[in-house]
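**Student:** Residue numbers (this note's numbering), protein chains in the order written: chain V, 9 to 402; chain H, 9 to 402.
1. If we cut at 8 Å on Cβ distances, does residue 394 of chain V have a partner in chain H?
2. Using the rule of at least 16 other Cβ atoms within 10 Å of the residue's Cβ for burial, across every protein chain shown, is residue 337 of chain H buried or exposed?
3. Closest to residue 54 of chain H by C-alpha separation, out of H:33, H:172, H:37, H:35, would be which residue?
4. Put residue 97 of chain H into one of helix, strand or coil per three-state DSSP.
5. Residue 35 of chain V: which of H:307, H:387, H:315, H:399 sits nearest, CA to CA?
6. Shortest alpha-carbon distance to residue 395 of chain V belongs to which of V:292, V:25, V:208, V:61?
7. Determine the DSSP secondary structure at residue 43 of chain H, reduced to helix, strand or coil.
8. According to the Cβ coordinates, are residue 184 of chain H and residue 138 of chain H closer than 8 Å?
9. Alpha carbon to alpha carbon, how far is residue 362 of chain V from residue 314 of chain V? Give it in angstroms, no decimals.
10. Checking the sheet assignment: what are the DSSP bridge partners for residue 142 of chain H?
11. Give a yes or no on whether the C-beta atoms belonging to residue 372 of chain H and residue 379 of chain H are separated by under 8 Å.
12. Alpha carbon to alpha carbon, how far is residue 205 of chain H from residue 150 of chain H?
13. Return yes when at least one heavy atom of the ligand MN lies under 7 Å from the C-beta of residue 290 of chain H, else no.
14. Quick one: is residue 199 of chain H near chain V, going by C-beta distance under 8 Å?
15. Would you verify that the beta carbon of residue 4 of chain V is, or is not, closer than 8 Å to some beta carbon of chain H?
16. Quick one, are the C-beta atoms of residue 377 of chain V and residue 108 of chain V less than 8 Å apart?
17. Are there 16 or more other CB atoms within 10 angstroms of the CB of residue 240 of chain H, so buried, or fewer, so exposed?
18. Can you list the residues of chain V that residue 389 of chain H reaches, using a CB-CB cut of under 9 Å?
19. Between residue 46 of chain V and residue 58 of chain V, how many whole angstroms is the CB-CB distance? I'm expecting something under 8 Å.
20. Going along the chain, which residues of the stretch 154-174 of chain H sit with their C-beta nearer than 8 Å to a C-beta in chain V?
21. Cα separation between residue 87 of chain V and residue 70 of chain V?
22. What does residue 317 of chain V touch in chain H if you count any residue whose Cβ is under 7 Å from its own?
23. For the beta strand (DSSP E) holding residue 89 of chain V, just list the boundary residues, first then last.
24. Considering just the uninterrupted stretch of the beta strand (DSSP E) at residue 380 of chain H, what are its terminal residues?
25. Please return the same chain residues whose Cβ sits closer than 6 Å to the Cβ of residue 82 of chain V, not counting the five positions on each side in sequence.
26. Taking Cβ-Cβ distances shorter than 8 Å, what residues in chain H pair up with residue 363 of chain V?
27. In whole angstroms, what is the alpha-carbon distance linking residue 389 of chain H and residue 388 of chain V?
28. Mind reading off the beta-carbon distance from residue 327 of chain V to residue 381 of chain V? Whole number of angstroms is fine, and I expect it under 8 Å.
29. Between residue 305 of chain V and chain H, is the shortest Cβ-Cβ distance under 8 Å, so that the two count as touching?
30. Could you tell me which uninterrupted alpha helix (DSSP H) segments, each at least 4 residues in length, are contained entirely in the stretch 312-365 of chain H, listed from first to last along the chain?
31. When you compare the CB of residue 398 of chain V with every CB in chain H, is at least one pair closer than 8 Å?
32. Can you tell me whether DSSP reads residue 242 of chain H as helix, strand or coil?
33. Tell me the rounded alpha-carbon separation between residue 392 of chain H and residue 145 of chain H.
34. Nearest to residue 164 of chain V by CA position, among V:341, V:75, V:24, V:189, is which residue?
35. Could you please give me the residues that DSSP links to residue 137 of chain H through a beta bridge?
36. Report buried or exposed for residue 52 of chain V, applying the criterion of at least 16 other Cβ atoms within 10 angstroms of its Cβ.
If you want it as structure tokens, here you go:
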């Protein structure tokens, strides 16, 4: 076992699926260490997916996921795999089988999930950056809770072969870093994009997302918003939803559920895995989603996507909270976790439904704990967000 | 068999791997028809790879390649699979097993390959657009020979799961169209990019690539170059290579050969397929590439990529010929085909080695046959090329 994994005080790294690979000896990332969420294949190693039953019933991967290979080819040093919520279907980071990684920036509190170990390791400074995945918020929420930079890219921009799926039409490869320069360079490597980014030309503030988060959060984000306005321009309030965002989450949930069941029904039916609380109920529900609801959700999703295309033309940036609050205390009761989910999803589903890139910036805090401000841009404007993040953090 | 495939006078469509799928009923591509090269998986159908032996030894695909699914999800109507050179390793379009599709814009001449059927069908107006693939020129060259638009995107920008590989570090998903509007919309759908493109700011002319093509070609491209200059700015001559481009092709060839052998050694060794002329010799050679040559090629490739990053900063566009001449006559002798390859690869390897996007525009002709002008931009500047193509063709 390598030193970092052996000495892991955070509970961030997977001991069952340990792996260490030196990157190439020349390249822009020589000297940088990273970790990957344990849903990314590494040739010759098993991928755990946050489930002891998954690990037991699957053999070693034949090939390394292209995303991991790109980082190794740039010279970065892979030091380990990190814990994920079970089958990635949770936002808490409290895995019933493997525990919850430590959030050094909010002691006694969860990291958020599902990319829990990746966020924990980056926040603690154990690695320079880490790769996670974001289907419904699994990078954006932990980035906010842990006080680090986190990116959900445009859906479809970064290949997901060799990555375990939850809901393919929402799944994205995201990443975390503390340093904005590293964050941008990792992004440009994963996005295969060296071109200068367009200039942000207009700032919108998502009033309805702020209302979901509540006045305390809106107040806590005020100076961060001023900082963005100073760079981009006078903020214009906008209502994102064409109906309450609490309705939008239904479209997200139906589609995510149907896709998750399509992806994993066979394995769940055959192996009858011992799924932990929350995840278990969600898969049971996913098996029952009404086809009419799915059809309706598909139609509404495309309408929402078109609405966002119009809203985000010409270098527009949309600001919103990354989360409806700071990290919850560890071992909060199920009702509190459900409430987090219910208030987080209306905010997080916007980028998911419309396939948009979203960056979470550690620019605020509340009660001494981190709180992220998020920026969304048009599909494909990923580097605009990365460059703007650099200017805001610099 | 559907009507288009049954009535195919071009020899562009695969009869053995026929497929037809209506796209969704709402979407921006409703009313548009397309075809895909027979290396893209469609669930429930076999993928032929231009080889009867491959077809015989492989079962139906489990899943549809995401690229194909994106187009169906946008409402486009898939009418069939198109012929490819065997295992995609040729530039001629003359498949020893399935013949050579017709090039309606250069009667009696080849389409070029390996995306031969896709180029043939688009040129003839049988489909609105078609998907091909480009490893060493397999979209750019047939686009030039057939007088249509063809795009090789930034390497890594479009996912290749469910697509048969030749040399993964060079393989890209490319596409053809006649209409520049369709061409751009297909590109934005495949690239997942709605953002406005950066403005082209500077025009370089690749003198050494023009010299490889020869004076007749340079002369034939002159008015096309003037057209680009009128939009982008005064052209500046530049020498692309840090050594003769004929040396660069060795790095390309060694890496391509090593990767092709790594991908297909097992199948070739086991099945001993009856490969056609040219392809057979190339695979035999690929098995013998010296590891030292591979190491050297890898190093040089990264130096070349860095050189191109510097050359192409700030919205720079590099103009060069798409091909060293017009389409060859059908059934030309092997020596003539080898000569085409030797003169085409120094031009085509630039984008491949440096992982850059390149568009081929049908803006010139010679002896009554089409000839393409190509534009290369920085990695990630794909939409810049697509928008510029629209303005140049409009």
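Heads up, the beta-carbon is just placed ideally off N, CA and C, and yes, glycines get one too.
Computed from a predicted structure; not experimentally measured.
**Tutor:** Looking at the coordinates:
1. Indexing the first chain from 1 puts residue 394 of chain V at position 386. Residue 394 of chain V does not count as touching chain H.
2. The residue given as residue 337 of chain H occupies position 329 in the second chain. Exposed is the call here.
3. In the second chain, the residue the question calls residue 54 of chain H occupies position 46. Of the candidates H:33, H:172, H:37, H:35, the one whose C-alpha sits nearest the C-alpha of residue 54 of chain H is H:172.
4. As a working mapping, residue 97 of chain H is identified with position 89 in the second chain. In the structure shown, residue 97 of chain H sits in coil (DSSP, three-state: anything other than H, G, I, E or B).
5. Mapped onto the first chain, residue 35 of chain V falls at position 27. When each option's Cα is compared against that of residue 35 of chain V, the closest is H:307.
6. Against the first chain, residue 395 of chain V aligns to sequence position 387. Of the listed residues, the one whose Cα sits closest to residue 395 of chain V is V:208.
7. Here residue 43 of chain H corresponds to residue number 35 of the second chain, with the count starting at 1. Residue 43 of chain H: strand per DSSP, three-state reduction.
8. In the second chain, counting from the first residue as 1, residue 184 of chain H sits at position 176. In the second chain, counting from the first residue as 1, residue 138 of chain H sits at position 130. Cβ distance < 8 Å, so residue 184 of chain H and residue 138 of chain H count as in contact.
9. As a position in the first chain, residue 314 of chain V is number 306, starting the count at 1. As a position in the first chain, residue 362 of chain V is number 354, starting the count at 1. Distance between the alpha carbons of residue 314 of chain V and residue 362 of chain V: 8 Å.
10. The count along the second chain starts at 1 and reaches residue 142 of chain H at position 134. Note: residue 142 of chain H sits in a beta bridge opposite H:180.
11. The residue you call residue 372 of chain H lines up with position 364 of the second chain. The residue you call residue 379 of chain H lines up with position 371 of the second chain. Contact: yes.
12. On the second chain, position 197 is the one that residue 205 of chain H refers to. On the second chain, position 142 is the one that residue 150 of chain H refers to. Whole-angstrom Cα-Cα distance: 26 Å.
13. The model on display carries no ligand, and the ligand MN is accordingly not part of it.
14. For the purposes of this step, residue 199 of chain H is identified with residue 191 of the second chain, where counting begins at 1. Closer than 8 Å: yes.
15. Look at the range of chain V in this structure, 9 to 402, and you will see that residue 4 of chain V is not part of it.
16. Residue 377 of chain V sits at position 369 when you count from the first residue of the first chain. Residue 108 of chain V sits at position 100 when you count from the first residue of the first chain. Going by C-beta atoms, residue 377 of chain V is not nearer than 8 Å to residue 108 of chain V.
17. Along the second chain, one-based indexing puts residue 240 of chain H at 232. So residue 240 of chain H ends up on the buried side.
18. By one-based count along the second chain, residue 389 of chain H stands at place 381. Those within 9 Å of residue 389 of chain H in chain V are 201, 202, 203, 204.
19. Position 38 of the first chain, counted from the start, is the residue given in the question as residue 46 of chain V. Position 50 of the first chain, counted from the start, is the residue given in the question as residue 58 of chain V. Residue 46 of chain V to residue 58 of chain V, Cβ: 7 Å. Contact.
20. 162, 163, 164, 165, 167, 168, 169
21. As a position in the first chain, residue 87 of chain V is number 79, starting the count at 1. As a position in the first chain, residue 70 of chain V is number 62, starting the count at 1. Going from the Cα of residue 87 of chain V to the Cα of residue 70 of chain V covers about 20 Å.
22. Taking the first residue of the first chain as 1, we reach residue 317 of chain V at position 309. Correct list: 202.
23. Start at 1 with the first residue of the first chain, and residue 89 of chain V comes out as number 81. Start and end: 85-90.
24. If you number the second chain from 1, residue 380 of chain H lands on position 372. Its beta strand (DSSP E) spans residues 377-384.
25. Within the first chain, residue 82 of chain V is the residue found at index 74, counting from 1. The answer, listed in chain order, is 35, 36, 37, 197.
26. To locate residue 363 of chain V, count along the first chain from 1; it is residue 355. Within 8 Å Cβ-Cβ: 200.
27. Locating residue 389 of chain H in the second chain gives position 381, where the first residue counts as 1. Locating residue 388 of chain V in the first chain gives position 380, where the first residue counts as 1. Answer to the nearest angstrom: the Cα atoms are 11 Å apart.
28. By one-based count along the first chain, residue 327 of chain V stands at place 319. By one-based count along the first chain, residue 381 of chain V stands at place 373. Right, the Cβ-Cβ distance comes to about 6 Å (below 8 Å), so this counts as a contact.
29. Here residue 305 of chain V corresponds to residue number 297 of the first chain, with the count starting at 1. With 8 Å as the cut-off, residue 305 of chain V does not count as an interface residue toward chain H.
30. 342-362
31. For the purposes of this step, residue 398 of chain V is taken as the residue at position 390 of the first chain. With 8 Å as the cut-off, residue 398 of chain V does not count as an interface residue toward chain H.
32. One-based indexing of the second chain puts residue 242 of chain H at position 234. In this structure, residue 242 of chain H counts as coil in the three-state DSSP scheme.
33. Position 384 of the second chain, counted from the start, is the residue given in the question as residue 392 of chain H. Position 137 of the second chain, counted from the start, is the residue given in the question as residue 145 of chain H. Going by the C-alpha atoms only, they are around 20 Å apart.
34. Within the first chain, the letter at position 156 stands for residue 164 of chain V. Per the Cα distances, V:75.
35. The count along the second chain starts at 1 and reaches residue 137 of chain H at position 129. In DSSP, residue 137 of chain H forms a bridge with H:42, H:185.
36. For the purposes of this step, residue 52 of chain V is identified with residue 44 of the first chain, where counting begins at 1. Label assigned to residue 52 of chain V: exposed.
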